[in-house]
Every structure is written in structure tokens, then in C-alpha cells.
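Anchor point for the sequence shown: position 516 equals 516 in UniProt numbering, and the numbering is continuous, going up by one each time. In this text, a Cβ means the ideal position worked out from N, Cα and C, and glycines have one as well. For clarity, every value in this text was computed on a predicted model and none was experimentally measured. Single-structure report; data block below.
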Amino acid sequence: MGKSSAKKKRNVELKGRSVSDSKSVNYGLISPRSLDMDTIAVIEKSRELKEEGDKHFQRREYDTAIMSYEKAVEQLPKKHLDIAHLRSNLATCYMQLNPGDYHQAIKECNLALEISPKYTKALLKRARCFEALNRLDWALKDVSLVLNIEPHNLTALEISDRVKKELEKSGNQPDNQLCVPGHESLVVSEKDKSRKKRGSKVATNKASANENKEVKHVGNKNENSQNIVKLILGDDIRLAQLPAHCSILKLREIVQNRFLEIEAVQIKYKDTEGDLVTITTTEDLRLAEEASNPHGSFKLYIVEVNPEKDPLFLEKTRKDIDSINSDKASNDGVGSGNSKSSGELSASFYMDNWIVDFACLFRNHVGFDSDEYIDLHEIGMNMYSQALEEVVTSEEAQEFFNIAEEKFHEKAALAMFNWGNVHMSRARKRLFLSGDSSEESILAQVKDCFEWSQKEYVKAGHRYEEALRIKPDFYEGLLALGQQQFEQAKLCWYYAIGNQVDLHTWSSTAVLELFNNAEDSMERGTEMWEQVEEHRFKNLLKSSKEKELLHEMGLSHLYKEISTDEAAERISNMRSQINLLWGTILYERSVVEFKIGLPIWTECLIVSVEKFKLAGASPTDIAVMIKNHCSDETAQEGLGFKIDEIVQAWSEMYDAKRWQNDVPSFRLEPLFRRPVPKLHHMLEHM
């Protein structure tokens, strides 16, 4: 058993091969009577050992994988069908050793064929071993058997063509009628092998000429055939033709020609288990061809990667450079003679060696060792990890975690708040009516729009409530909830007016309940806002621990300092906007209560006037609002108050530019600046 190689051969996915192996074997199932509890436990133990061996194989630990597979074989009964797969895996391990132990691999293939005589994978592996040992006649017999079982097996066709060419070069005529050597007749010694070779020659003389022609015809057909392959890059699927026995570099060139815009790629195929396996060698490409559906198309999946992750890109670049240098050297040879070109190439070669030798000498002289930098990097990374762990678990770090937790907490609530604002905007969906629409059509469209807006208002309310559950002191959520309930109440009221219901018999409980909830939300939101602002104003007078921590971290520029006068001005402006919205809610409620005949409408009107005064409205503006109330006999027809007049009065009181600069929270700007939905005016004038 040799030493495992990790440099010159790439790993083949053993798991995919094992599954595909199981599909190639034609055998029956074990009788259920024999599957007692002990047998099931033994089989399960064997499967665990096999999976362990697969992992070692994938890590190129072939010696350890061999031990795991052998233990798995020992666990199973002598004639168990899984032994064939395990023996095949053992043969693969012996073939991958450096140097490969092909005699032992042949022995494992023979043991696998004892269990399953038509196991094509074992036959192909044994053929490869014979080819490596230069026993081409025996290799040809094995691939001929495989072709009898699977006529379209690409790997068998490739080996068959290759072996026939080698036999023709050596002067021997290939003959497929020789007896295939069984496992009991294969001996490692050269004496037995030579005796078998003589026996093979005798059997060759008795072969049938017709079958000889048939096999040769199959080989020639495969040699000149072109395989159609689908190259899949995301949703982009392109067809290409692969020549017979295509190498991995040739495939890489074909992919590059089909996808000119891509520089570096990884080529993958889907194995029998549905996993995407990367193709890195020509042998992997052969496995991909074997795993493809013989009745379907051959598919390869292209993934764009960085050039550093594409070894074939580096290999192709190196070959391109070699080709350019070769062309340049040949051109120089044409101008100055072949001897001169040869001399220049030779001098360049020796100069390269001289440079390498000098570099090694210089490195040894100055004591420079490049490997030390790798060690220093590992030491540095370990120290970095330890230092990071030390900092994270310290007491000082907990304060930073508390600040981060608070900020993320607020961000989560703000996300729900903005989500609710989206639904509030969707509730303002405009209703488009054509001039020739019938009354029934208009009523149907209005009803659909009303139901749409109702659903959006409900969704917005849920989002605002969820924001409050995340952060109970999130006053913006309460103020937004009051706005949502107010607009929903107005929508229900205007819909009832638009349908010309009898207001004396109409049930107004739902509308009044929404008004009550809106007032309650405004009251709670205002109290919460005042507490937050009071706490914030006090922190301006003394140093905050959060500011100190940010200063220690060098992030003090993220904390914007404002003076106490600016803070007081912002609080005053914010209070005015809240009172303005609150007064509007009370004013609209007084209109509804007056229309349905409730005598308490005057109380709401009086309180709304007080809110407008607190908001800073002028006596003239307040007089206009009272005059437009529907209770005034001299008021214009309709529902009285127009929200546009409040907006106009507010615009006169506050300069828009100062509003944009001085609002303490950008979150409430869309809340206070929401125009009245068009649907309300449409319902009012139906």
C-alpha cells in the first residue's frame, strides 16, 4: 500500500459514484425474513463505516478510507450486495495511491464481480488497472463486456478506442472473443501474468471475425462522433458540440467561446443524487458523461467565479503565454536561423535556472524564510481571536451592547411604523370614473374602493400596534394610530352620507368608537412624547453616558449637539402640530354628532377650539372654523368644515422652510402633512 497523493490527482466525488454504482447493478433484494434486528444493526453499522470512508476519500486520505471500507465489508454477510460497492470503492482507493497499487485494485474488482458479475463499474476500473499495467488485451476484454451490457457507455467507448490504438501501434490485432480472466485466475506475480497472456493469445485465434468487425465499428463511430451538450448559465441555455474524448481544457475553451463575456467559470454536472459536482479534471468529465441520462441531453452547469477560484483559467493563461512565446521564438528563428533560435531558447532556459538558484542562495544567506510569514499569520489570527473574545466578554463591552440593543429596538419599531405608513398611502387609492358611467356602475366602483381603503386602514393599524409591542414608548406609533383611526372614521361617515342613509336610524356606534379610539391614542401619544422630550431636555444639561461612549469610540461626530434654545423651540413647534391634529379630530367629531342628533356635539367643538388656540391659530382662523361648522345656519351647504382651510391657516402660522428644518423627528412629517383622500370629497358630493 503506497502513500496517498494530494498533488497530481483531483478528488472524485465518491458519494456520487457509489450511488451511480448502485444503479448499474442488476440484483434482487434481500429476503425480509433475514432482516432481523441483528442484521439491521450490522447493515447500519456498515453504512456508517462506508460514510466515514467516503469522507476520508474526499479529503484524499486514501489509507484511512481503505481501513474504513474494509471494516464495513467485515460487518456484512459474505454474499451481501453492498459488498460489491464497497469492493469497488476499495479498488478506487488503491488506484488513487501514489504509486497506484493496481494489482490490489484488480483483486478488489474481482471480489466485487463475484457478488455481481455484471457490475460495470468494477469492470471499468479493472480495465483501467489492466491498461495501467500495459495488459491491453485484458483491458479490451473488460470494456467489451461493458459495451455488451451498456452499448452507449462513454467511458467504455473511450477506453476501447484508446486500447485498440495502442494495440495497433504495438502490432497486435485487437480481439474481443478471448476469455475474460476471472478473479481466481489473476495472480500478482509476473510469471502467472505471462502465462495468462499466452492463454489469451490462444483464445484470440479462435475468435469470430464478425464480432471483431462489430466492435471495431463501434469504436470508429465513437471516435468521429460529436456529443451535443447544453451549457446552462442561470436562465441562459446554449447548445455546443463536444468532440469525442474531449479533455477538460478543450471543454473550458468551448465554454469560453460560447460565453465570451465571462472570464472565469466553474463547470459543474448533476450527479445521480441531484448534487452539483465541480469538474476539475478530464476524469471528472468522463464521470459526468457517465452520470448523464443516456436517453436525454447532456447538461453542464456554468457558474461565474473570480479568476483565482478557476484553476483552469490560470492553466489556460499559462498555455496562451507559452503559445505566444513559442510563436515569437519561431518567428525569430525564421529571421536569424534555427541554430540561433535554439541557442536563445537554451540560454533563456539556463538563465531562468540561474535566477532560481541565485534566489535560493540569497534567501539562505540573509536568513529569509517565507514559511515563517505563514506561521506569523496564524499566530496573529489566534491572538486576534483571543483579544476579540476578551473584549466582547468584558464589562465595558456590555454598555456598548446595551446601546446597540436600544438602537436596534428602535429600528425594528420604526420599520413597522414605516410599513404602516405604506398601507396608509395605499388607502388613498384614487377612484377614476368616466363621464358616461351609469349610476349602478359608479356605486359598485365606490363600494369596491371603500372596501379597499378599509382593508388598508386595518393593516396600517396592525403595523402601528406591532410597533408599540416592540417598543412600548414609541410615541410616533400612537400618534400614527390616532391618525389612522381618525381617517377610517371619516371614511365610514362619508360612505354613509354618500349612500344617503337615514342618519336618525343609522347605527353610528362603529364611527363613534373609532373617534373615541383616535382621541385616546392622541392623548396617550402626547403624554408619552412629553415624557420623552422632558427626559431628552434634561440630558442636554448634563453629560450623557451614551455621548461619552461614542466619544471614546471616536464616533462623537454622529451625535449632533443642539442648544437648549433650539430644543425648546422644537418642542414648541411639535406641540403645535399635535394640537392641530387633535383639534381637527374633535372638530370632525362634533360635525358627526350634530348630524346624528347627539346634544354633546358642543363639548367636542369647544375642546377643539381650545386645541386650535394651543396650536397657535389666530382668532380670525378660529372664527372661520366656527363659522363653517354645519350647526351655523349661515354656513354653506354640505358638511361644513373643509380641511383645506386648516391647512391654509397652518401654512400662514408656520413657514414651510422652518418646518422642514425644525421638526424634531422626520418620521412625523408625512403624518401631519397628509392631504384628505379624494374619495372623501367624492362621497360627499355623490
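Separation of V624 and V609 (C-alpha to C-alpha, rounded to the nearest whole angstrom) is 11 Å. According to the DSSP secondary-structure assignment, V303 is paired through a beta bridge with Q266. The distance from the Cβ of F298 to that of K250 is about 15 Å, inconsistent with a contact at the 8 Å cut-off. Using a 10 angstroms sphere on the CB of K164, the tally of other CB atoms reaches 16 or more, which defines it as buried. Exclusion of the five residues before and after V303 leaves Q266 as the residues of its chain whose Cβ lies within less than 6 Å of its Cβ. In the three-state scheme derived from DSSP, where H, G and I count as helix and E and B as strand, I228 is classed as strand.
The beta carbon of L154 is closer than 6 Å to those of E289 in its chain, skipping five residues each way along the sequence. The residue among Q485, M522 and W529 with its C-alpha nearest the C-alpha of L512 is Q485. Of the candidates K270, N517 and M522, K270 places its Cα closest to the Cα of N293. The Cβ-Cβ distance between A467 and F417 falls below 8 Å. Between G597 and H535, the C-beta spacing is not below 8 Å. Nearest neighbour of A122 by Cα position, chosen from F259, T564, E405 and E108, turns out to be E108.
Spanning the alpha carbons of Q454 and A444 requires a straight line of approximately 15 Å. In this structure, the straight-line span from the alpha carbon of K55 to that of L86 is close to 14 Å. DSSP, reduced to helix, strand and coil, places T505 outside both helices and strands of the structure shown, so it counts as coil.
Under the three-state reduction of DSSP, R162 is assigned to helix. Contact between L90 and E70 holds, with the beta-carbon distance rounding to 7 Å and staying under 8 Å. Counted as a single uninterrupted DSSP element, the stretch harbouring I585 is not any beta strand (DSSP E) but the alpha helix (DSSP H) occupying residues T564 to K595.
Relative to the Cα of E533, the nearest Cα in the group T278, K411, I571 and F515 belongs to I571. Across the set A156, Y94 and N98, the C-alpha of A156 shows the shortest separation from the C-alpha of A244. As the crow flies, the alpha-carbon of A568 is around 33 Å from that of H462. Separation of E378 and E168 (C-alpha to C-alpha, rounded to the nearest whole angstrom) is 56 Å.
When DSSP states are grouped into helix, strand and coil, F474 belongs to the coil group.
Secondary structure at P619: helix, using DSSP grouped into helix, strand and coil.
Residue environment analysis places E439 among the exposed positions, since fewer than 16 neighbouring C-beta atoms fall within 10 angstroms of its C-beta. Around the beta carbon of E593, 16 or more other beta carbons sit within 10 angstroms, so the residue counts as buried. Under the three-state reduction of DSSP output, D236 falls in the strand class. Per DSSP, T64 is one residue of the alpha helix (DSSP H) stretching across Y62 to Q75.
With contacts defined as CB atoms closer than 8 Å, A132 and V143 fail to qualify as a contacting pair.
By the neighbour-count criterion, in which a residue is buried when 16 or more other Cβ atoms sit within 10 angstroms of its Cβ, H423 is buried. For L260, there is no enclosing beta strand (DSSP E), as DSSP gives it neither H nor E.
CA-CA distance, L111 to S170, rounds to 31 Å. Straight through space, the alpha carbons of T281 and C246 are spaced by roughly 11 Å. In the DSSP annotation of this structure, T120 is not part of any beta strand (DSSP E); the continuous alpha helix (DSSP H) holding it starts and ends at T120 to A132.
For L479, same chain residues with a beta-carbon under 6 Å away, outside a window of 5 residues either side, are G525 in chain order.
Judged by their CB atoms, A72 and L97 are not nearer to each other than the 8 Å cut-off.
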